[in-house]
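The structure appears right after this line, and notes come after that.
Number of protein chains: 2
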Amino acid sequence: MGGVGIDDVARLAGVSTATVSRALRGLPEVRESTRARVRRAAAELNYVPSPSAASLASGRTRTIGLLTASFSRWFNRNVVEGAEERLRGAGFDVLLHAFDFAPDGSRAPIDMSTMRQRVDGMIVLGIPLSPEERLTLDNLNVPIVFVGTGPPDHVRVSMDDHDGSRIAIEHLAALGHRRIGQIGAKLPYDAHWSSASERHDGTVAALAALGIDYDDTLEAFGDYTQEGGRAAAAALLDAHPDMTALFAYSDEMAFGALEELRARGIRVPEDVSVVGIDGHELSGLIGLTTVAQDARAQGDAGASLLLEMIAGSNVGRDVRFPTALVDNGSTAPAPAVRAA
Amino acid sequence: MGGVGIDDVARLAGVSTATVSRALRGLPEVRESTRARVRRAAAELNYVPSPSAASLASGRTRTIGLLTASFSRWFNRNVVEGAEERLRGAGFDVLLHAFDFAPDGSRAPIDMSTMRQRVDGMIVLGIPLSPEERLTLDNLNVPIVFVGTGPPDHVRVSMDDHDGSRIAIEHLAALGHRRIGQIGAKLPYDAHWSSASERHDGTVAALAALGIDYDDTLEAFGDYTQEGGRAAAAALLDAHPDMTALFAYSDEMAFGALEELRARGIRVPEDVSVVGIDGHELSGLIGLTTVAQDARAQGDAGASLLLEMIAGSNVGRDVRFPTALVDNGSTAPAPAVRAA
DNA sequence: TTGTACGCGTTATCAG
DNA sequence: CTGATAACGCGTACAA
Numbered sequence: 001m002g003g004v005g006i007d008d009v010a011r012l013a014g015v016s017t018a019t020v021s022r023a024l025r026g027l028p029e030v031r032e033s034t035r036a037r038v039r040r041a042a043a044e045l046n047y048v049p050s051p052s053a054a055s056l057a058s059g060r061t062r063t064i065g066l067l068t069a070s071f072s073r074w075f076n077r078n079v080v081e082g083a084e085e086r087l088r089g090a091g092f093d094v095l096l097h098a099f100d101f102a103p104d105g106s107r108a109p110i111d112m113s114t115m116r117q118r119v120d121g122m123i124v125l126g127i128p129l130s131p132e133e134r135l136t137l138d139n140l141n142v143p144i145v146f147v148g149t150g151p152p153d154h155v156r157v158s159m160d161d162h163d164g165s166r167i168a169i170e171h172l173a174a175l176g177h178r179r180i181g182q183i184g185a186k187l188p189y190d191a192h193w194s195s196a197s198e199r200h201d202g203t204v205a206a207l208a209a210l211g212i213d214y215d216d217t218l219e220a221f222g223d224y225t226q227e228g229g230r231a232a233a234a235a236l237l238d239a240h241p242d243m244t245a246l247f248a249y250s251d252e253m254a255f256g257a258l259e260e261l262r263a264r265g266i267r268v269p270e271d272v273s274v275v276g277i278d279g280h281e282l283s284g285l286i287g288l289t290t291v292a293q294d295a296r297a298q299g300d301a302g303a304s305l306l307l308e309m310i311a312g313s314n315v316g317r318d319v320r321f322p323t324a325l326v327d328n329g330s331t332a333p334a335p336a337v338r339a340a
Numbered sequence: 001m002g003g004v005g006i007d008d009v010a011r012l013a014g015v016s017t018a019t020v021s022r023a024l025r026g027l028p029e030v031r032e033s034t035r036a037r038v039r040r041a042a043a044e045l046n047y048v049p050s051p052s053a054a055s056l057a058s059g060r061t062r063t064i065g066l067l068t069a070s071f072s073r074w075f076n077r078n079v080v081e082g083a084e085e086r087l088r089g090a091g092f093d094v095l096l097h098a099f100d101f102a103p104d105g106s107r108a109p110i111d112m113s114t115m116r117q118r119v120d121g122m123i124v125l126g127i128p129l130s131p132e133e134r135l136t137l138d139n140l141n142v143p144i145v146f147v148g149t150g151p152p153d154h155v156r157v158s159m160d161d162h163d164g165s166r167i168a169i170e171h172l173a174a175l176g177h178r179r180i181g182q183i184g185a186k187l188p189y190d191a192h193w194s195s196a197s198e199r200h201d202g203t204v205a206a207l208a209a210l211g212i213d214y215d216d217t218l219e220a221f222g223d224y225t226q227e228g229g230r231a232a233a234a235a236l237l238d239a240h241p242d243m244t245a246l247f248a249y250s251d252e253m254a255f256g257a258l259e260e261l262r263a264r265g266i267r268v269p270e271d272v273s274v275v276g277i278d279g280h281e282l283s284g285l286i287g288l289t290t291v292a293q294d295a296r297a298q299g300d301a302g303a304s305l306l307l308e309m310i311a312g313s314n315v316g317r318d319v320r321f322p323t324a325l326v327d328n329g330s331t332a333p334a335p336a337v338r339a340a
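Chains A and B, in that order, give the protein sequences. All residue numbers for the first sequence refer to full-length UniProt numbering, where the first residue is 1 and numbers rise by one. All residue numbers for the second sequence refer to full-length UniProt numbering, where the first residue is 1 and numbers rise by one.
Encoded structure:
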């Protein structure tokens, strides 16, 4: 029951352990009749190969490390789901390494060296990494795919952040909004290649293209949490009573903003319009207009890419997913326009 | 860089590999000065032990398997977070095995034998298992902890389901509601020990204690999804126009019910009151009164229990967490009462 | 197409 | 307290 080894199977099937190994792993050089016999013997004995022994002997682990920030974030949990399904379907296990940000937005340094020898590849999800952290990652000497946020010298899968901002800003501008507050993120180690940075740049570019002056006091940072979004909204509302719209870089931050607006008795969308990013499953019920992305598909794509890299392929550098505006009713013509 | 082994460290420290192993694992029988020397050598060489080799030799993996249904469910993702943090803190890795239900509520059979030799323990999250599935689990020969839903002959951590229903029903009854629809779940393999079953039983008991007749046509099944909750609400509203309240066994199903009510122009709470279970982070913004539980703490507790079992302790059978009503405004006196 | 035999990098036993 | 050495269970050259 506990100790059926490869030699037990070999004995029962009347072949050598080498043949058992080859047959069970589907190597082509085995006669089909032999393979069938081995399979039957293995099934009869309820044999399962020891992954430790296999890894030790082969150097491969058939395990992928998944580094992610908290599942309280819609994006992360959806990517993990998509990636996990694809990886398990391909016969890979998933080693989960999650971590949280402290309330002040900081976080403990992540040491990936514990993953050494444990994984054949890594997926890193949605967080900027410090140079030291990237070093411990690279020292793993396995392929790495970044999803959501990733440095330029690595393979990255994400939505088209720049274009997402353009869509949001153009939507608001078309409704006559000119004083648009932004709720962004300033995470540690953001070296200008995070999604937050790109959404910011896209916003600035979109405003410029529309001839609207960019005012950096119209940006506050919610760091992708609901509470952060609420605090950011509060700060912006205090500083800019004339603001008529809010663009949050995630639905969760937008939800926080909606809470703050409601608490102040400010009507949405009559007084202030709000747009988020994600396409959260509750944006419909809550009534939040959002720039929707398919996070699950990004997880799937990231996993697929990683598997190709492990198989030796030379994949490209970047995969960007499109976004689309979903109007759930939280935007309306700017008050001044309506008045006119 | 790639191939620093225990013997490299041994050579540099001037000791045997056995001593290196003992020193680095913190075994007590090593002189502190020796341990320090070994530690220094290991650090200098950037040595990380091979988990495969360690597992092969010791039989332990320092890895816990986590079996869970989709993270789209609030409960699951919060439990996973709580458990993951505790396990990683204790030096254990987490192997994630997720799966989805098909749209019709069924699911493919889960084969845990792939976890054989891979994990020192298992946490199973929130799903009833078939007898065959439980068998593949038990055949792993490792401690198992169930969180949320678990068979009576295993260690289980969950909220007090029975009492949660009591709280919800008493709250509604105190407001004068008598025709209370329930949105429950009928998952495959539910052998009467699931949270859904217990919430149902608790509801029936609470109604009986209040002298309210139980009517099984007032129960529909949403299977813990938002869409399912919406469909269940629709069916109940069609069949029972006189129904004045809905009690859903999860916030997500309640959210679906709110969607359906809104689509029909039925006001909440003026026409129909709604209560959920969970304390979802968006229940406040959405305005859903709910019986709140601490899912993260349950994940933490489940992990702690499992670690104790792995260490050889004989833990108890059951840990139940309390719940508390959070009034977010979706309940009001029953219309008939108001009219009176 | 199959078998032999060595090696993978630790842990654990037993001496010392 | 420390060292030598035999497992641990498989993958894979190499040979047949």
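Note that beta-carbon positions come from the ideal geometry of N, C-alpha and C, so glycine has one too.
Taking 8 Å as the CB-CB limit, is D158/B close to chain A?
Here residue 158/B corresponds to residue number 158 of the second sequence, with the count starting at 1. One detail in the question is off: residue 158/B reads as Ser in this sequence, not Asp. At a cut-off of 8 Å between beta carbons, S158/B makes no contact with chain A.
With a threshold of 8 Å on Cβ separation, who are the neighbours of G316/A within its own chain once the five nearest residues in sequence on each side are excluded?
As a working note, residue 316/A is residue 316 in the first sequence. The residues are V155.
Cut-off 7 Å between Cβ atoms - residues of its own chain near A13/A, not counting five sequence neighbours on either side
On the first sequence, position 13 is the one that residue 13/A refers to. Here the set comprises V20, R37, V38, A41.
Nearest candidate by alpha-carbon position, reference F71/A, set R62/A, I127/A, S58/A
Position 71 of the first sequence, counting from 1, holds the residue named residue 71/A. Minimum Cα distance to F71/A is reached at I127/A.
Sort out for me which residues DSSP pairs G65/B with in a bridge.
Numbered from its first residue, the second sequence carries residue 65/B at position 65. According to DSSP, which records beta bridges pairwise, G65/B is partnered with L95/B, M122/B.
Output needed for A297/B: all residues of its chain with C-beta closer than 8 Å, excluding positions within five of it in sequence on either side, in chain order.
Working through the second sequence from its first residue, we reach residue 297/B at position 297. A distance below 8 Å between beta-carbons, with the five flanking residues on each side excluded, links A297/B to the following residues of its chain, in chain order: G82, F321.
For F71/B, return the contacting residues in chain A, with the cut-off set at a CB-CB distance below 7 Å.
Here the question's residue 71/B lines up with position 71 in the second sequence. Against chain A, a Cβ distance below 7 Å from F71/B picks out F71, R77, V80, E81.
Would A90/A and L307/A qualify as a contact pair, given that the criterion is a beta-carbon distance under 8 Å?
For the purposes of this step, residue 90/A is identified with residue 90 of the first sequence, where counting begins at 1. For the purposes of this step, residue 307/A is identified with residue 307 of the first sequence, where counting begins at 1. Yes, the pair counts as a contact, with Cβ atoms nearer than the cut-off.
So L66/B and I123/B are supposed to be a Cβ contact under 8 Å. How far apart are they, rounded?
Reading the second sequence from its first residue, position 66 is the one you call residue 66/B. Reading the second sequence from its first residue, position 123 is the one you call residue 123/B. About 5 Å; that satisfies the 8 Å criterion.
Close Cβ partners of T63/A (< 7 Å) along its chain, the five nearest in sequence each way excluded
Here residue 63/A corresponds to residue number 63 of the first sequence, with the count starting at 1. Hits under 7 Å: F92, D93, L95, R118, V119, D120.
Under 9 Å Cβ-Cβ, which residues of chain A neighbour Q117/B?
Stepping through the second sequence from its first residue, residue 117/B is reached at position 117. V48, P49, S50, P51, S52, A53, listed in chain order.
Give the single residue among G211/A, F75/A, R86/A whose Cα lies nearest to the Cα of G176/A.
Position 176 of the first sequence, counted from the first residue, corresponds to residue 176/A. Ranking the options by Cα distance to G176/A, first place goes to G211/A.
Given a threshold of 16 other Cβ atoms within 10 Å of its Cβ, counted over all protein chains shown, does N314/B qualify as buried or as exposed?
On the second sequence, residue 314/B is found 314 positions in, with the first residue counted as 1. Burial call: exposed.
Can you tell me where the beta strand (DSSP E) with residue 341/A in it begins and where it stops?
This structure gives no information on residue 341/A, because the portion of chain A shown stretches from 1 to 340.
Below 8 Å CB to CB, which residues in the same chain sit around M115/B once its five sequence neighbours on both sides are set aside?
Along the second sequence, one-based indexing puts residue 115/B at 115. In the same chain as M115/B, and ignoring 5 residues on each side of it, the C-beta atoms closer than 8 Å to its own belong to G65, L95, H97, M122, L140, in chain order.
Using a Cβ cut-off of 9 Å, which residues of the stretch 203–229 of chain B contact any Cβ in chain A, in chain order?
So the close ones are Q226.
Bridge partners for E252/A per DSSP, in chain order?
Against the first sequence, residue 252/A aligns to sequence position 252. Under DSSP, E252/A shares a beta bridge with no residue.
Does L12/B come out as helix, strand or coil in the three-state DSSP assignment?
Start at 1 with the first residue of the second sequence, and residue 12/B comes out as number 12. In the displayed model, L12/B falls within a helix according to three-state DSSP.
Kindly indicate which three-state DSSP category residue 364/B falls into: helix, strand or coil?
Chain B is shown from 1 up to 340; residue 364/B falls before or after that span and cannot be answered.
Unbroken beta strand (DSSP E) run spanning L325/A, endpoints
Counting from 1 along the first sequence, the entry for residue 325/A is found at position 325. Element bounds for L325/A: 324–326.
Counting only beta-carbon separations shorter than 8 Å, does A98/A have a partner in chain B?
Position 98 of the first sequence, counted from the first residue, corresponds to residue 98/A. It does: the Cβ of A98/A has a partner Cβ on chain B nearer than 8 Å.
C-alpha distance - W74/A paired with G105/A, whole-angstrom precision
On the first sequence, position 74 is the one that residue 74/A refers to. On the first sequence, position 105 is the one that residue 105/A refers to. So the alpha carbons of these two residues sit roughly 18 Å apart.
Would you verify that the beta carbon of F255/A is, or is not, closer than 8 Å to some beta carbon of chain B?
Along the first sequence, one-based indexing puts residue 255/A at 255. Interface criterion met: the Cβ of F255/A is under 8 Å from a Cβ in chain B.
Leaving aside the five residues before and after T290/B along the sequence, list all residues of the same chain whose C-beta is less than 8 Å from its C-beta, in chain order.
Within the second sequence, numbered from 1, the residue matching residue 290/B stands at position 290. So the list reads D251, A254, V275, G276, I277, D278, G279, H280, S283, L325, V326, N328, once near-sequence residues are dropped.
L258/B, buried or exposed, once every other Cβ within 10 Å from all chains shown has been counted against 16
Translated into the one-based positions of the second sequence, residue 258/B becomes position 258. Around the CB of L258/B, 16 or more other CB atoms lie within 10 Å, so the residue is classed as buried.
Kindly indicate which three-state DSSP category M1/A falls into: helix, strand or coil?
Here residue 1/A is taken as the residue at index 1 of the first sequence, counted from 1. At M1/A, the pLDDT of 44 sits below 50, so the modelled position is not reliable and the matter cannot be decided from this model.
Residue-chain proximity (E259/A, chain B), Cβ-Cβ < 8 Å:
Residue numbering aside, residue 259/A sits at position 259 when the first sequence is read from its first letter. For E259/A, the answer is yes, since a Cβ of chain B falls inside 8 Å of its Cβ.
In chain B, which residues lie less than 9 Å from S113/A when you measure between Cβ atoms?
Within the first sequence, residue 113/A is the residue found at index 113, counting from 1. Listed along the chain, the chain B residues whose CB falls inside 9 Å of the CB of S113/A are N46, V48.
Rounded to whole angstroms, what's the CA-CA distance from G181/A to R230/B? Just pull it up for me.
Counting from 1 along the first sequence, the entry for residue 181/A is found at position 181. Counting from 1 along the second sequence, the entry for residue 230/B is found at position 230. Going by the C-alpha atoms only, they are around 35 Å apart.
Contact list for G38/B against chain A, beta-carbon separation under 8 Å:
As a first step, residue 38/B is located in the second sequence; it is residue number 38 there, counting from the start. Note on identity: in this sequence residue 38/B is Val, with Gly being the wrong assignment. Those within 8 Å of V38/B in chain A number zero; the least Cβ separation is about 17 Å.
Exposed unless 16 or more other CB atoms sit within 10 angstroms - verdict on E29/B
Counted from its first residue, the second sequence places residue 29/B at position 29. The residue in question, E29/B, is exposed, as its Cβ has fewer than 16 Cβ neighbours within 10 Å.
Can you round the beta-carbon distance between A233/A and G256/A to whole angstroms, since I take them to be within the 8 Å contact cut?
For the purposes of this step, residue 233/A is identified with residue 233 of the first sequence, where counting begins at 1. For the purposes of this step, residue 256/A is identified with residue 256 of the first sequence, where counting begins at 1. Right, the Cβ-Cβ distance comes to about 7 Å (below 8 Å), so this counts as a contact.
Is F321/B helix, strand or coil by DSSP?
Walking along the second sequence from the start, residue 321/B turns up at place 321. Three-state DSSP puts F321/B in a strand.
Use the C-beta contact count for L135/A: other C-beta atoms within 10 angstroms, 16 or more gives buried, fewer gives exposed.
Taking the first sequence and counting its residues from 1, the one referred to as residue 135/A is at position 135. Per the 10 Å Cβ criterion, exposed.
In chain order, what are the residue ranges of uninterrupted alpha helix (DSSP H) at least 4 long that sit wholly in the stretch 189–218 of chain B?
Within the stretch 189–218 of chain B, the runs of alpha helix (DSSP H) at least 4 residues long that lie entirely inside it are, in chain order, 195–209.
Going straight from the alpha carbon of M309/A to that of R60/A, what length do you get?
Locating residue 309/A in the first sequence gives position 309, where the first residue counts as 1. Locating residue 60/A in the first sequence gives position 60, where the first residue counts as 1. So the two alpha carbons sit approximately 14 Å from each other.
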